[in-house]
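**Q** Chains as they are written, first to last, in the numbering used here: chain A, 173 to 421; chain B, 132 to 396.
Yeah, the Cβ is synthetic: ideal placement off N, Cα and C, and Gly gets one too.
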Ligand SMILES: Nc1ncnc2c1ncn2[C@@H]1O[C@H](COP(=O)(O)OP(=O)(O)OP(=O)(O)O)[C@@H](O)[C@H]1O
Ligand SMILES: [Mg+2]
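1) For residue 178/B, go through chain A and note every residue whose CB falls closer than 9 Å to its CB, in chain order.
2) Would you tell me roughly how many angstroms separate the C-alpha atoms of residue 268/B and residue 219/B, rounded to the nearest one?
3) Using a C-beta cutoff of 7 Å, does residue 235/A count as contacting chain B?
4) Report yes or no: do the stretch 325-334 of chain B and the stretch 281-294 of chain B share at least 3 C-beta pairs separated by less than 8 Å?
5) Run down chain A in chain order and give the residues with a C-beta less than 8 Å from the C-beta of residue 127/B.
6) Considering only residues of the same chain and omitting the five flanking positions on each side of residue 235/B, which have a CB-CB separation below 6 Å?
7) Any chance the CB of residue 302/A is under 6 Å from a heavy atom of ligand 1?
8) Check whether the Cβ atoms of residue 343/B and residue 206/B lie closer than 7 Å to each other.
9) Based on Cα-Cα distance, which residue from 219/A, 408/A, 190/A and 313/A lies nearest to residue 348/A?
10) Grab me the residues of residue 303/B's own chain with a C-beta within less than 7 Å of its C-beta, minus the 5 sequence neighbours each way, in chain order.
11) Kindly indicate which residue of 325/A, 267/A and 301/A has the alpha-carbon position closest to the one of residue 217/A.
12) I need the boundaries of the beta strand (DSSP E) containing residue 175/A, first residue and last residue.
13) Please list the residues of the stretch 292-313 of chain A that have a C-beta atom closer than 7 Å to any C-beta atom in chain B, keeping them in chain order.
14) Just to confirm the assignment, what range does the alpha helix (DSSP H) spanning residue 233/A have?
15) Which residues in chain A have a C-beta closer than 7 Å to the C-beta of residue 387/B? List them in chain order.
16) Would you say residue 292/B lies against chain A (beta-carbon separation less than 7 Å)?
17) With DSSP run on the structure shown, which of helix, strand or coil describes residue 326/A?
18) Once DSSP output is grouped into helix, strand and coil, what is the label at residue 316/B?
19) For the beta strand (DSSP E) that contains residue 351/A, what are its first and last residues?
20) If you measure from the CB of residue 347/A, is any heavy atom of ligand 1 nearer than 6 Å?
21) Does DSSP put residue 252/A in a helix, a strand or coil?
22) Mind pulling the chain B residues with CB within less than 7 Å of residue 317/A?
23) If you measure from the CB of residue 185/A, is any heavy atom of ligand 1 nearer than 6 Å?
24) Go ahead and label residue 273/A buried or exposed: buried means 16 or more other beta carbons lie within 10 angstroms of its beta carbon, across all protein chains shown.
25) Please report how far the alpha carbon of residue 371/A lies from the alpha carbon of residue 398/A, in whole angstroms.
26) Residue 392/B versus chain A: which residues are under 8 Å apart at the beta carbon?
27) Taking C-beta pairs closer than 8 Å, name the residues in chain B that residue 242/A reaches, listed in chain order.
28) Does the CB of residue 223/A have a neighbour CB from chain B at under 7 Å?
29) Just verifying my parser: in three-state terms, what is the DSSP assignment at residue 285/B?
30) Does the stretch 338-353 of chain A come within contact of the stretch 398-408 of chain A, defined as at least 3 CB pairs closer than 8 Å?
31) With 7 Å as the threshold, decide whether the Cβ of residue 258/A is near any Cβ in chain B.
32) Can you give me the start and stop residues for the alpha helix (DSSP H) that residue 254/B sits inside?
33) Counting C-beta neighbours from all protein chains within 10 Å, is the total for residue 356/B 16 or more, i.e. buried, or is it exposed?
34) Nearest-angstrom Cα distance between residue 298/A and residue 387/B?
35) Kindly say whether residue 246/A, judged by its beta-carbon, lies nearer than 7 Å to any beta-carbon of chain B.
36) So with CB distances below 8 Å, who are the chain A contacts of residue 382/B?
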């Protein structure tokens with residue numbers, strides 16, 4: 173779906189965040205980008221979304237894509253505090269020039285999908301952290317994107333909420349035919365969710381290992397406590413540990 | 132009474148008590164020292180003057196208020212207009228902002244005579260004077276607000292291919308609202324000061340004279356009680372303006388902004 177070859181990114185202040193990054197995003201996969209803090213995961217994700225220019229290499233899309241085809245979920249909910257839940261989720265459609273009436277059905281359906289039916293009129297400050305994150309996810313989903321990019325969306329949430337949202341996300345991903353790229357620094361989260369895990373190393377950011385998690389979906393709480401899951405976590409942990417000791421290329 | 136109710140009552144009762152004490156002290160000082168009214172009138176005499184001089188004071192107040200509001204309106208239009216222009220391009224902002232600062236830091240009292248020389252119509256000259264003092268907080272606050280939209284939200288708009296106008300309409304203007312309203316509150320007071328100072332400098336007599344002229348006039352004629360009454364009216368007007376804009380700000384922001392929402396913990 174998207175092919176990155178030798179991608180480099182140098183920021184204005186001289187920091188070389190990425191260099192020689194090769195990454196293929198395949199249709200319908202659940203891909204996790206795993207790596208230590210500061211290794212350029214967010215930067216890579218933003219480049220895929222077309223935010224900020226690249227300093228080297230190429231990013232190719234398999235098919236033409238429009239503004240509706242990408243959904244982006246930030247690490248923080250990033251909602252507009254002055255707008256209701258409805259208006260926040262309606263935003264991407266509004267920017268596409270779709271009228272409020274015509275969008276109402278899609279917005280309501282998307283909110284119901286993330287379990288927030290009935291909260292249309294609430295303001296972000298009236299919601300809990302987990303609910304805000306769901307609004308943010310609903311906003312990313314409302315255009316029915318083909319590619320969903322998520323930057324540590326659940327990092328700030330408590331364990332229980334995170335597990336719940338993990339399960340919801342998996343279910344949604346299986347039902348719809350999306351491609352998901354999920355940035356995380358949690359081995360456990362990536363091993364639970366992903367069909368494929370790419371491990372990145374810092375300074376400069378690049379891919380150093382790749383794992384296929386060959387465990388069939390649906391995955392549920394049973395998987396979370398299974399020995400198969402434990403084994404996956406162990407393997408991924410080990411390659412993350414290697415990545416962190418990796419000498420700068 | 133609940134702790135909250137007590138606090139709310141204290142907010143009214145305490146300043147009122149201070150006022151009563153101060154007025155009584157003032158009254159006693161005047162009485163015991165037998166100070167003549169043309170030097171310091173007692174509070175009762177000032178209150179009586181409101182009544183007896185109402186025919187002069189009321190029209191003057193209307194003139195001052197009208198000037199103040201007109202100056203404020205022009206300041207809002209000018210300040211917001213310039214801020215929107217600055218928001219279009221950094222280069223425009225870089226080019227003109229220093230001049231706005233110069234206009235702001237030069238004391239009005241020093242420029243007012245010049246303006247009165249060059250602008251023939253006194254009313255227009257007064258308006259320009261009041262505008263010079265009042266527009267800056269609106270300009271600088273609105274500019275700051277327009278530029279302080281959440282960085283990630285800006286990216287999100289970009290991702291969805293939003294036009295410049297959409298970014299302004301749906302992101303920058305709402306982000307700027309609390310800043311603008313803060314500026315408006317300051318500008319309200321300043322436009323009153325501006326119109327009073329300008330009138331002092333211009334010293335226009337006759338039909339269209341405001342409270343400032345009445346103060347000058349009362350000073351010359353040693354009608355000190357009237358001077359005090361006019362002064363009290365100016366203060367009251369300033370307070371009224373401040374309260375109105377605070378209420379407006381609260382009304383606009385109460386649904387979402389930290390400054391106005393009531394948090395239930
Ligand atoms: N806007 C920027 N300007 C300059 N340097 C930046 C910018 N954004 C990121 N960097 C630098 O690029 C490197 C990679 O940052 P990035 O945010 O992609 O890391 P990350 O892997 O997402 O880390 P984390 O897990 O902590 O979110 C860091 O060294 C950071 O200092
Ligand atoms: Mg990051």
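**A** Based on what the coordinates show:
1) Here the premise fails: no neighbours, minimum Cβ distance about 46 Å.
2) 19 Å
3) no
4) With a cut-off of 8 Å on Cβ pairs, the stretch 325-334 of chain B is not in contact with the stretch 281-294 of chain B, counting fewer than three such pairs.
5) Any property of residue 127/B remains undetermined from this structure, which presents chain B solely from 132 to 396.
6) 267
7) Checking every heavy atom of ligand 1 against the Cβ of residue 302/A, none is found closer than 6 Å.
8) No, they are not a contact pair.
9) 313/A
10) 218, 277 and 280
11) 325/A
12) DSSP places residue 175/A inside the beta strand (DSSP E), whose first and last residues are 174-182.
13) 295 and 297
14) Counting along the chain, residue 233/A falls outside any alpha helix (DSSP H), though it belongs to the beta strand (DSSP E) covering 228-233.
15) 253, 254, 295 and 297
16) yes
17) coil
18) DSSP, reduced to helix, strand and coil, places residue 316/B within a helical segment of the structure shown.
19) 351-356
20) no
21) DSSP places residue 252/A in coil when its eight states are reduced to three.
22) Ordered by position in chain B, no residue passes the 7 Å Cβ test against residue 317/A, which lies about 10 Å from the chain.
23) yes
24) exposed
25) 23 Å
26) Neighbours of residue 392/B across chain A, judged by C-beta separation under 8 Å: 297.
27) 290
28) yes
29) The answer is helix: DSSP assigns residue 285/B an H, G or I state.
30) no
31) no
32) 253-277
33) buried
34) 9 Å
35) yes
36) Close partners of residue 382/B in chain A (Cβ separation under 8 Å) are lacking, with about 14 Å as the shortest Cβ gap.
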